[in-house]
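According to this note's numbering, the sequence shown is numbered sequentially starting from 7.
Each residue gets a CB set at the ideal place from its N, CA and C atoms; glycine is no exception.
The structure presented is a predicted model; accordingly, all values stated were derived computationally and were not measured.
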Amino acid sequence: MMGTGTGMYGFSIWGLLLNILVILVIVGLAFFLINRSDFVSSGNNERLARLEKDVEDIKKMVEDIKEKLDEI
7 MMGTGTGMYG FSIWGLLLNI LVILVIVGLA FFLINRSDFV SSGNNERLAR LEKDVEDIKK
67 MVEDIKEKLD EI
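Right, dumping it as structure tokens:
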């Protein structure tokens with residue numbers, strides 16, 4: 007049985023280069039997917055921070071309205 011790195015007469019440089027190329031493609035794809043998932047999650051964190059700020063602003067507005075209604 008012959009592996010990818012061996013040819014009909016033994017060692018093959020093309021098979022070795024093919025192995026290295028396949029490994030680099032797999033590592034590059036994994037790196038890309040990991041970075042992409044971090045980018046998406048950081049975007050979600052920013053959205054969450056904005057949403058929390060909006061909630062705090064709404065709470066403050068509700069408190070102001072309650073105070074004005076109590077004065078009336």
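Handout entry: For V28 and I40, the rounded distance between their alpha carbons
Key = Note on geometry: alpha-carbon atoms of I40 and V28 lie some 18 Å from one another.
Problem - Backbone CA spacing between D60 and N50 [nearest angstrom] - result: 15 Å
Practice task
Alpha carbon to alpha carbon, how far is W20 from A36? Give it in angstroms, no decimals.
Solution key: 24 Å
Practice task
Give me the Cα-Cα distance between G34 and R56, rounded to the nearest whole angstrom.
Solution key: 33 Å
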